[in-house]
């Protein structure tokens, strides 16, 4: 009924092939990748299975660079710093911060790409209908636009869009999703009669959509990017010391509002 | 007794400074970093607080590239793939894999750097005494050398060492730690009368030591590097499907050896 | 604009009230709970905010006891055992296993309760329509029934149902959800012309529904229950030793099926 | 070279034996445990492999009950509440909180048991020497005594000690470790000329030592206990709503103290 092949077949992968003394990643000998492939290119190769080059690499690096940190008030960063004071290893502190990410924290990029694709399929004349349908299904919130903190504008978004424009002019990407993102921004601003600018999730979603990433990978790439901030903050906190550091100074505690 | 300053002071950081519409990372406006700084350079800037350039960047990228994956039998990778079949988000699956890393899995690099520093301080004539002292304190195992799988040699290690040699010739690093690493390899091989080659932990430790990283950061950088493999494998597994995928095929179960 | 009250108000809870030398949990001094309240009763008090007593406590304990372990092939248990060989603390190994739980692994209980409530509202004559509507929305799979491994029957399910019957006869619960569960079992078995018995998720869901728990808490209570097995297995594995223990023996590795 | 037995042997356990339709936990059919074994007794059976009964069960339950919660300023509880606002599942939020526990947060109990055993072996006349030796090796901090918040006394500790006294009078435990704990308290108070009362870690460590638990299990049992609070708080927070809830109100942010 069973044989050893069953076991070897239990885990299957196109990513890595290995024998003693031999490691191939996506079909390439690891020693050929080392020294010839940048870290961002390696991320792309491992996750997407293809090579990324030139202006497209630059766009991908820009997206990864842009989301590394949003300070100790971001739940992910706060968790990593707290963990660093609880007597766990540096990698565990990083994992605790990474585990904060989900539908709400770090999830808007995936949703924005999904929305962009709907808008793309509907064409310019269908934008209003696309937004209406999105709201009917998902609620009032349009992912990737508006920011509760960075008013009037998140400095990262226009910079990222500018890079997409450059890459489109160079023919490296189509620019179609930058156009869609801007059209949504214009539409929302008109509707609410105040600026509703694209935020970091909306802008990185433009890049990932331009590069042809499936929507869920926006979360994965955000996770890789934010892990950099998690490491930086966990490491800094370890240097500062502190034991069992809670969210607020001890004298504040919390409000008991029970019976 | 308390005032609002206490709260603002509770979390302190040199990494990020932020106001609405303004994000400075390590003193640099984020929009100036985006598009001008590679992802590996950004990692260095965020964690170390300084800029890395030229051949030193290339070395750092090589170390990051080399440790991304060791296949579905590595506990980290296996955990991320399993998690991907349990109905959690992509980032949670990554976090589960990252949380596997500790003193044993992904911890040897930190120990190797610590050993290299001891060997560096002792000088060439003190190497045997350094190894003896290490074993007296930590046990028989010399971190960073030998591999239970890659025999005779891990293909990543000589490639990484070669890049250090290149960088040393170019004056980008001293080369002192590559020399120490090789001296340990020679010593261990002579002792055991069979090859005890430097492994990936020993080789990346050489690079991190050459670049001046504190030893614990070897774990942090390994965590960032391995997270790439975690994302790639979790994503691939999601595409393959599977529900509640355990470590071995169901028919094998396990051995009960209780009374 | 801000004052210290804002900070104290940031975290609000009905669960715990605390001053130096005083800890009240759900309005009760902790020293009065200690020694008078069993651990299962304490779980109920903390999570539900009410007291549980007598036959209802026994039912709750039965549900908690029943789900502690399903062996090293369960992804949660496997992850905890692997983590125990990677050089992390006992609590981190538990957390790694707990983090495996999600929509698929440990999530069926929540779905089963939701289904039971729909069936309850529809009444006996509406059962078929309820199942049809469920499948139309969620797919073919009816949560809480059938088991890929325990054929013909999961020994835990009938035992748990029997305890619900006892409690219903004693007037501690209504028994309505046990009836619904059995009606679904009968229906599915008739449809498929082979036994489709209630499984552990379906049976614990009956208990939680009888006790009046909101559906999502089936996941929370499953998490508490399974954590017992996670601790037992992580601790046993630490005693067995092992370093970087992967899912299968090293000689099996995995199948590379890339180009 | 390999055969299917190798695979079945890869995972070995004394905890669980399973065939289709049969689950034995620690050698007992699960259906016999359900309904006859309390949840705390089940924890003991699974982890320790033996049965716990009567007054010893009551002591164990008291220890488990005492540590469930210390409010939203405890890093574990704070992390679970934050996670609950980030769009992850209830079990992931619990895991994030559990992953906070380590050498510092939830680790003192293990250290206290180790100290008690040293003091036990040294006898009453050796107490001062034991404390001196502990400090020489571990630093000034004596685990299990003193509290930065609960002054003059943690209400849980004397209550737990009183229960140990009752159990000792009933012959269920020896009382030796309660005596040692109190002797350390007396000694520390005399040294510092102010009260240094036993805290929750010291008191639960007395119970675990009386019950014969290995020191590291103090962490494991603390993890199980605190998981109750993690579930309660994560669930409450989900009910309160909130998105991406950071540690402090947004207007406070943090202090940038870089160059």
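Residue numbers (the working numbering), protein chains in the order written: chain A, 23 to 281; chain B, 23 to 281; chain C, 23 to 281; chain D, 23 to 281. Think of the CB as a built atom: it goes at the ideal place given N, C-alpha and C, for glycine as much as any other residue.
Can you confirm whether residue i, when its beta carbon is compared against all beta carbons of chain D, has any partner nearer than 9 Å?
| i | result |
| --- | --- |
| residue 104/A | yes |
| residue 265/A | yes |
| residue 226/A | no |
| residue 196/A | no |
| residue 145/C | no |
| residue 126/B | no |
| residue 212/A | no |
| residue 52/A | no |
How should residue i be labelled, buried or exposed, when 16 other C-beta atoms within 10 angstroms of its C-beta is the threshold for buried?
| i | result |
| --- | --- |
| residue 270/A | buried |
| residue 91/C | buried |
| residue 273/C | exposed |
| residue 157/B | exposed |
| residue 132/D | buried |
| residue 232/D | buried |
| residue 234/D | exposed |
| residue 25/C | Legend: pLDDT at residue 25/C = 48, less than 50; position of this residue unreliable, value from coordinates given subsequently. Burial call: exposed. |
| residue 73/B | exposed |
For residue i, which option in the options has the closest C-alpha, if you only look at C-alpha atoms?
| i | options | result |
| --- | --- | --- |
| residue 134/C | 127/C, 262/C and 164/C | 164/C |
| residue 68/D | 279/C, 248/C and 132/C | 248/C |
| residue 268/A | 28/A, 36/A and 97/A | 97/A |
| residue 49/D | 42/D, 38/D, 57/D and 56/D | 38/D |
| residue 257/B | 36/A, 199/A, 32/A and 30/A | 36/A |
| residue 114/C | 113/D, 119/D, 204/D and 111/D | 119/D |
| residue 81/A | 243/A, 266/A, 40/A and 263/A | 243/A |
| residue 180/D | 47/D, 276/D and 88/D | 88/D |
| residue 199/B | 129/B, 220/B, 263/B and 70/B | 220/B |
| residue 117/A | 196/B, 252/B and 277/B | 252/B |
Please compile the residues from chain D whose C-beta is within a distance smaller than 8 Å of the C-beta of residue i.
| i | result |
| --- | --- |
| residue 121/B | 121 |
| residue 223/C | Chain D residues near residue 223/C: none, gap ~14 Å exceeds 8 Å. |
Show which residues of chain C have a CB atom less than 9 Å away from the CB atom of residue i.
| i | result |
| --- | --- |
| residue 173/D | 42 and 43 |
Please report the residue range of the beta strand (DSSP E) in which residue i lies.
| i | result |
| --- | --- |
| residue 74/B | Premise fails: residue 74/B is in no beta strand (DSSP E) and is neither H nor E. |
| residue 125/B | It is not in any beta strand (DSSP E) - residue 125/B carries neither H nor E in the DSSP assignment. |
| residue 39/D | 38-41 |
Would you verify that the beta carbon of residue i is, or is not, closer than 9 Å to some beta carbon of chain B?
| i | result |
| --- | --- |
| residue 220/A | no |
| residue 29/A | yes |
Does any residue of chain C have a CB that is nearer than 9 Å to the CB of residue i?
| i | result |
| --- | --- |
| residue 270/A | yes |
| residue 59/B | no |
| residue 160/A | no |
For residue i, go through chain A and note every residue whose CB falls closer than 7 Å to its CB, in chain order.
| i | result |
| --- | --- |
| residue 117/B | 117, 120 and 121 |
Would you kindly report the start and end of the unbroken alpha helix (DSSP H) that includes residue i?
| i | result |
| --- | --- |
| residue 246/B | 239-262 |
| residue 232/B | 222-232 |
| residue 188/D | 178-191 |
| residue 143/C | 130-144 |
| residue 202/B | 198-214 |
| residue 99/B | 97-106 |
| residue 275/B | First-last for residue 275/B: undefined, no H or E at that position. |
Please list the partners that residue i has in chain C, where partner means a Cβ-to-Cβ separation under 8 Å.
| i | result |
| --- | --- |
| residue 138/D | Simply none; closest approach about 19 Å. |
| residue 234/A | In chain order: nothing, as chain C lies at least about 19 Å away. |
Under 9 Å between C-beta atoms, does residue i make it to chain A?
| i | result |
| --- | --- |
| residue 277/C | yes |
| residue 247/D | no |
| residue 49/C | yes |
| residue 101/D | yes |
Starting from residue i, find everything on chain B with Cβ-Cβ shorter than 9 Å and list it in chain order.
| i | result |
| --- | --- |
| residue 169/C | Result: empty, since nearest Cβ-Cβ is about 12 Å, beyond 9 Å. |
| residue 133/A | Residues of chain B passing the Cβ test: none, with the nearest at roughly 13 Å. |
| residue 77/A | The premise fails here: residue 77/A is roughly 11 Å from chain B at the closest Cβ pair, so nothing lies under 9 Å. |
| residue 165/A | The contacting residues do not exist; residue 165/A stays about 15 Å from chain B at best. |
List the residues of chain B whose Cβ lies closer than 8 Å to the Cβ of residue i, in chain order.
| i | result |
| --- | --- |
| residue 96/C | 266 and 268 |
| residue 255/A | 35 and 37 |
Starting from the beta carbon of residue i, find every residue of chain B whose beta carbon is closer than 7 Å, and list them in chain order.
| i | result |
| --- | --- |
| residue 34/D | 276, 277 and 279 |
Relative to the ligand NAD, is the shortest distance from any of its heavy atoms to the C-beta of residue i smaller than 8 Å?
| i | result |
| --- | --- |
| residue 90/A | Looking for the ligand NAD in the displayed structure turns up nothing, as the structure carries no ligands at all. |
Using a cut-off of 9 Å between C-beta atoms, extract the partners of residue i located in chain D.
| i | result |
| --- | --- |
| residue 110/A | 121, 122, 123, 124, 125, 126 and 127 |
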